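For reference, the structure discussed in these notes is given below.
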Amino acid sequence: MSNHIGFLVTGNGTAFGFSQNGIGNNVNGTVIGDDNQIGVDQDGTANRAGIQIGSGNRNDVYITQTSGALSFGNDASVTLAGDRNAVGIAQDGNNNAATAGITGNANLVTVTQASLLLGNDATIDITGNRNAVSSSQTTGALGRNVLKADIAGNWNELKANQSISGGGTNLATIAFNGSGNYLDVVQSKSGLGGSGNTLNVSIYGNRNNDPLLGGFHSPSLSTALGAAAGVSSFGPGTIYQSGKGNTITLDVGTATADSNRNLFAFAQSGNSNGIVGSVNGIGNQAVVVQTGDGNFTSFSQIGNFNVVGVSQ
Numbered sequence: 560m561s562n563h564i565g566f567l568v569t570g571n572g573t574a575f576g577f578s579q580n581g582i583g584n585n586v587n588g589t590v591i592g593d594d595n596q597i598g599v600d601q602d603g604t605a606n607r608a609g610i611q612i613g614s615g616n617r618n619d620v621y622i623t624q625t626s627g628a629l630s631f632g633n634d635a636s637v638t639l640a641g642d643r644n645a646v647g648i649a650q651d652g653n654n655n656a657a658t659a660g661i662t663g664n665a666n667l668v669t670v671t672q673a674s675l676l677l678g679n680d681a682t683i684d685i686t687g688n689r690n691a692v693s694s695s696q697t698t699g700a701l702g703r704n705v706l707k708a709d710i711a712g713n714w715n716e717l718k719a720n721q722s723i724s725g726g727g728t729n730l731a732t733i734a735f736n737g738s739g740n741y742l743d744v745v746q747s748k749s750g751l752g753g754s755g756n757t758l759n760v761s762i763y764g765n766r767n768n769d770p771l772l773g774g775f776h777s778p779s780l781s782t783a784l785g786a787a788a789g790v791s792s793f794g795p796g797t798i799y800q801s802g803k804g805n806t807i808t809l810d811v812g813t814a815t816a817d818s819n820r821n822l823f824a825f826a827q828s829g830n831s832n833g834i835v836g837s838v839n840g841i842g843n844q845a846v847v848v849q850t851g852d853g854n855f856t857s858f859s860q861i862g863n864f865n866v867v868g869v870s871q
């Protein structure tokens with residue numbers, strides 16, 4: 560029999576938690592206030608948890624959903640409006656789904672998904688400044704990791720890791736609309752079968768991946784290229800893919816709206832990899848390193864003082 564909990568909290572400085580076991584569990588509630596702590600722990604199959612923070616600051620929300628190897632269908636969502644809140648979602652089992660919608664500043668969001676077979680799906684929407692987001696997705700044979708992130712604001716940070724062992728696919732679609740944001744992505748795939756890693760990135764704004772106003776600026780571009788074999792030493796905004804048949808599509812600015820002084824570092828390890836970039840703006844820089852056979856890089860740049868360095 561499934562369990563259902565609904566709650567409404569209005570106040571400050573409260574702490575409470577819920578624990579459920581079984582099939583089809585559900586927790587749904589709303590918190591209005593500051594300095595509250597909310598915890599949800601669900602163990603079983605087809606669990607659902609939804610937490611809304613209507614208005615508040617410095618709240619902590621943590622959702623943990625666990626299940627056995629043959630269980631599936633965990634779903635967790637957190638939406639909040641406020642500043643300096645912390646959100647954590649952790650899921651295992653199969654066919655996980657997580658959603659985080661944040662409006663505010665200086666919030667911390669962590670999403671961790673581990674699936675045995677069927678993969679993970681995460682959707683993250685951020686509107687505000689100085690938010691930090693970390694997403695980790697792992698799955699086994701035949702799995703598919705999907706990340707969709709839309710971030711609007713300035714000085715936000717997104718770090719994403721997608722990993723598959725066996726046939727399967729990593730797919731990430733990331734959009735930044737703002738300035739001074741930072742992006743770090745790792746996609747790895749091992750084993751036979753499935754397709755490669757796919758990453759689509761669109762940037763509208765200035766000085767992204769360069770929050771400290773440092774970076775690749777000449778003459779250090781050649782130094783970054785020389786160090787590219789060690790990915791850990793790559794420069795700001797490292798995007799790394801390992802496996803076969805990887806693709807990266809990068810769009811910076813538009814034909815009617817330039818984006819300036821953005822920095823990117825791409826590394827692809829394996830065969831038949833491709834990178835396609837379109838840049839509209841001034842002073843944008845990209846470093847590309849591809850190791851393996853049958854790789855392809857194509858960049859279109861419109862504007863002055865843009866730089867691309869490629870090593871194959």
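Everything in the sequence shown is counted per this note's numbering, starting at 560 for the first residue and increasing by one.
We put the beta carbon where it would ideally sit given N, CA and C, even for glycine.
Note that the structure is predicted; figures quoted are calculated from it, not measured.
Simplified DSSP state of residue 813, which is helix, strand or coil: coil
Identity of the residue in 834, 690 and 630 nearest residue 673 by Cα: Looking at the Cα atoms, 630 is the closest of the given residues.
CA-to-CA distance, residue 818 to residue 739, given in whole angstroms: 11 Å
Helix, strand or coil at residue 567 [DSSP, three-state]: strand
Assigned exposure category for residue 651 - 16 Cβ within 10 Å defines buried: buried
For residue 576, the three-state DSSP class (helix, strand or coil): strand
Residue 737 versus residue 582: straight-line alpha-carbon distance, rounded: 42 Å
Sequence-distant residues of the same chain with beta carbon closer than 6 Å to residue 832, five excluded per side: For residue 832, where only same-chain residues beyond five positions count, the Cβ hits under 6 Å are 805, 849 and 854.
Nearest-angstrom Cα separation, counted from residue 802 out to residue 602: 34 Å
Nearest-angstrom Cβ-Cβ length linking residue 670 and residue 685, presumed shorter than 8 Å: So it is not a contact: roughly 12 Å between Cβ atoms.
Separation of residue 809 from residue 856, as counted between CA atoms: Rounded to whole angstroms, residue 856 to residue 809 spans 11 Å at the Cα level.
Residue 722 versus residue 836: straight-line alpha-carbon distance, rounded: 24 Å
Distance between beta carbons of residue 632 and residue 604, contact taken as under 8 Å: About 6 Å; that satisfies the 8 Å criterion.
Inter-residue spacing [alpha-carbon to alpha-carbon] between residue 729 and residue 682: 14 Å
Cα-Cα separation, residue 725 to residue 703: C-alpha of residue 725 to C-alpha of residue 703: approximately 10 Å in a straight line.
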